[in-house]
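Q: Reading the sequence shown from the start, the letters are residues 2 to 554 in this note's numbering.
Glycine residues also receive a C-beta, built at the ideal position from the N, C-alpha and C atoms.
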Amino acid sequence: MEKALALKDKMMNHPILKKENLNPKTWMTAENLKGFRDFVLQRETDTGIDTSFDNVEMLLEAERDYMEAAKKNDVATMKLLGKSVNVNAKNVHERTALHYAVAGRNKEAVELLLRRRAKLDLQDKHGVAAIHLAAWFGSLSILKLLVQGGADQKIESQEGMNILHCAAINNHTDIVKYIVNDLQMKELDKEDQTGNRPFSLAAQHGCVEMLELLMEEPYCMTTMEGDQNGNTPLHLAAKNGQLNAVQLLLQSFDNRNKVNKAGETALYLAADGEHEECAQALLEAGCDVNIVTTEKSSCLHTVSEKGHTSLVKLLIQNSVDMNFQNQHQQTALHLAVKNCHIPILHTLLESGCNMNLTDHRDQTALHIATELGKVDIVEMILKAGADLALQDKQSKTVLGVAARGDMVIIVDMIIKAERYFAWKADAGCNETLHDESPLTFKLDHRAETRHICTTIWNLAYKLLKPQDWKKLAHHWLFTEQQVAAIEEQWTGLKSYQEHGNRLMLIWLHGALIKYKSTPKELHDGLLSIGNKSAADKIRLETTGSETRKCTIS
């Protein structure tokens, strides 16, 4: 009767009732749990409120105190509560006092519960019994008490784990010795629900002493077979970064290049998990760095995509194919660009990867960087000398992609690069570079060029006529595509001013490299298009001033 009243109290305080301001007398015609459960389930369905009845604690206060005493090994309190308490009462997790006493390695509390005839094989909501916990937490003395009390030694959790699995995962070699030598139960060496035997679980959790024990006589529980996913113990150890276990398995077995069902090697999993030391050990043991998965992904692909720079360098040092393309024809460089991993980009480019390979959309890495508007990445690839004439499936070069996306800065950078590399090719790379600053295609914000840039702005916005900028473009040998790309970003009656300013700044980039006197070249260009007044203005502004002699190294 006392417990029924307690259950009624729990029901009356259930969230569903509080939410709907219901009086218990209007819904509860009998003090039975089933009726309330049905009511809650129906109201949850109607209201969408997730307040599972299973999450409501249904213990009496004395039962709760008894369970807390078992957790603390408080035998005195347990005795004080006496026989009025149901020792097998379960909490919301379906655990009893025995579960907590065993998990806490509280031998005295366990002994008291055994004298009270506690049920030994009750399982919680995960199927875990007290004997599992004794093996898991490595309490051999408690395990022996449970066995002597008649606990089921073969009982399995919902995951198919028995006491041998529990001991192996936690490196409790004394428990395994007891199971094999005293209980004579080697038949517990079996697969759990994931297909893993104790040896595999020990490898997964880096339990080296357990691995060594299981490889010895009379245990002989070694296996290098794969689990449900085809992962061998070496795969599991590498995936979880268990270096010592990886080294032991490499010394003992020769399956370093075995692949799982996804085609992944242990090296691939180590690299994917950023376990550099494990990857180093596997490489030193002779693992093939160029085995690819069923989806045609290499070790280099996964580390480049995730941004593991040190692993990229390690794989390159061990002769990984930097130009291998996955099922989408993407190289590691494509993936590094897509994920904006600049240090990896630098490493790949510096190591000589082919930056001009195209993916399933016929896009190079530079196409992708341009499409994403990543100025710094575009700069890096431009300086590396990418082929700017390659077209994607829409017949767009990188300049076309930038122009279509209204990416003004990148448009201008690409045109600068096109003109720079064309000049280098014509000059046979023998011409002297005159600018002392490092090569860049970005906007020029240097103090030493501020005056000429201001002059160009004034010229574009105050002295140029609507068609002058295109005449200058023709005089300076800009291509039709370059002119069209510049013109695409702005429209309107005075758009020629911005177009002219951009054109001359692009020209200035090359002029600083090629010429000793940029004002003179600008003056001559203006004369060639018939704008004498603008040319005279430039000459007057520069007369008497010393033109800086630039020498780019």
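1. Am I right that Glu103 and Ala131 are in contact with their C-beta atoms under 8 Å? What's the rounded C-beta distance?
2. Near Asn261, which residues of its chain fall below 7 Å by C-beta distance, leaving aside the five closest residues on each side in sequence?
3. Classify Glu32 as buried or exposed, calling it buried when 16 or more other Cβ atoms lie within 10 Å of its own Cβ.
4. Counting Cβ pairs closer than 8 Å, one from the segment 368-384 and one from the segment 449-459, do we hit at least three?
5. Using beta-carbon positions only, say whether Lys471 and Val484 come within less than 8 Å of one another.
6. Let me know the alpha helix (DSSP H) ranges lying completely inside the segment 392-461, each 4 residues or longer, listed in chain order.
7. Grab me the residues of Thr224's own chain with a C-beta within less than 6 Å of its C-beta, minus the 5 sequence neighbours each way, in chain order.
8. Quick one: Cα of Cys288 to Cα of Tyr421, how far?
9. Over what stretch of residues does the alpha helix (DSSP H) that includes Tyr67 continue unbroken?
10. Thinking Asn291 and Ser298 are a contact (beta carbons under 8 Å), I'd like their distance in whole angstroms, please.
11. Assuming contact is defined by CB atoms lying nearer than 8 Å, are Leu146 and Glu112 in contact in what I supplied?
12. Could I get the ranges of all uninterrupted beta strand (DSSP E) runs contained in the segment 222-281, with 3 residues as the minimum, in chain order?
13. Within the same chain, show all residues whose beta-carbon is closer than 7 Å to that of Thr174, passing over the 5 residues directly before and after it, in chain order.
14. How is Glu213 classed by DSSP in three states: helix, strand or coil?
15. Inspect the beta-carbon positions of Ala280 and Leu251 and report whether they are closer than 8 Å.
16. Could you tell me the alpha carbon to alpha carbon distance between Ala333 and Asp377, rounded to whole angstroms?
17. Would you decide whether Lys155 is buried or exposed? Buried here means 16 or more other CB atoms lie within 10 Å of its CB.
18. Starting from Asn172, trace the alpha helix (DSSP H) both ways and give me its first and last residue.
19. Note the first and the last residue of the continuous alpha helix (DSSP H) segment covering Leu114.
20. Return the CA-CA distance between Gly128 and Leu121, expressed in angstroms with no decimal places.
21. Determine whether the beta carbon atoms of Ile382 and Ala404 lie at a separation below 8 Å.
22. By the DSSP assignment, the alpha helix (DSSP H) with Ile507 in it spans what residues?
23. Which class does Asn182 belong to by DSSP, given the choice of helix, strand or coil?
24. For the alpha helix (DSSP H) that contains Gln194, what are its first and last residues?
A: Reading it off the structure:
1. The residue you call residue 103 lines up with position 102 of the sequence shown. The residue you call residue 131 lines up with position 130 of the sequence shown. Per the sequence presented here, residue 103 reads as Val, with Glu not at that position. Going by Cβ atoms, the distance from Val103 to Ala131 rounds to 5 Å, so yes, they are a contact pair.
2. Numbered from 1 along the sequence shown, position 260 holds the residue referred to as residue 261. Same-chain partners within the cutoff: Gly227, Asn230, Gly231, Asn232 and His236.
3. Within the sequence shown, numbered from 1, the residue matching residue 32 stands at position 31. Confidence is the limiting factor: at Glu32 the pLDDT is only 40, short of 50, which leaves the residue's position unreliable and the question unanswerable from this model.
4. no
5. Counting from 1 along the sequence shown, the entry for residue 471 is found at position 470. Counting from 1 along the sequence shown, the entry for residue 484 is found at position 483. In this structure, Val484 lies closer than 8 Å to Lys471 by Cβ.
6. 399-405, 409-428 and 451-459
7. By one-based count along the sequence shown, residue 224 stands at place 223. Hits under 6 Å: Arg198 and Phe200.
8. Along the sequence shown, one-based indexing puts residue 288 at 287. Along the sequence shown, one-based indexing puts residue 421 at 420. Cα to Cα, the separation comes out at about 44 Å.
9. Here residue 67 corresponds to residue number 66 of the sequence shown, with the count starting at 1. Tyr67 -> alpha helix (DSSP H) spans Glu62 to Lys72.
10. Looking up residue 291 in the sequence shown gives position 290. Looking up residue 298 in the sequence shown gives position 297. Asn291 to Ser298, Cβ: 12 Å. No contact.
11. The count along the sequence shown starts at 1 and reaches residue 146 at position 145. The count along the sequence shown starts at 1 and reaches residue 112 at position 111. For Leu146 and Glu112, yes; Cβs fall inside 8 Å.
12. none
13. Here the question's residue 174 lines up with position 173 in the sequence shown. Result list for Thr174: Glu210, Met211 and Leu214, in chain order.
14. For this step, residue 213 is matched to residue 212 along the sequence shown. Here Glu213 sits in helix by DSSP.
15. Locating residue 280 in the sequence shown gives position 279, counting from the first residue. Locating residue 251 in the sequence shown gives position 250, counting from the first residue. No. Outside cutoff.
16. Position 332 of the sequence shown holds residue 333. Position 376 of the sequence shown holds residue 377. In a straight line, the C-alpha of Ala333 is about 18 Å away from that of Asp377.
17. Your numbering for residue 155 matches position 154 in the sequence shown. Result: exposed.
18. One-based indexing of the sequence shown puts residue 172 at position 171. Looking at the DSSP string, Asn172 is not in any alpha helix (DSSP H), and its letter there is neither H nor E.
19. By 1-based counting over the sequence shown, the position of residue 114 is 113. Start and end: Lys108 to Arg116.
20. One-based indexing of the sequence shown puts residue 128 at position 127. One-based indexing of the sequence shown puts residue 121 at position 120. Each residue's Cα considered, the two are about 13 Å apart.
21. As a working note, residue 382 is residue 381 in the sequence shown. As a working note, residue 404 is residue 403 in the sequence shown. It is not a contact, given that the beta carbons lie outside the stated cut-off.
22. The count along the sequence shown starts at 1 and reaches residue 507 at position 506. Unbroken alpha helix (DSSP H) run through Ile507: Ser496 to Lys515.
23. Looking up residue 182 in the sequence shown gives position 181. The answer is helix: DSSP assigns Asn182 an H, G or I state.
24. In the sequence shown, the residue the question calls residue 194 occupies position 193. First-last for Gln194: undefined, no H or E at that position.
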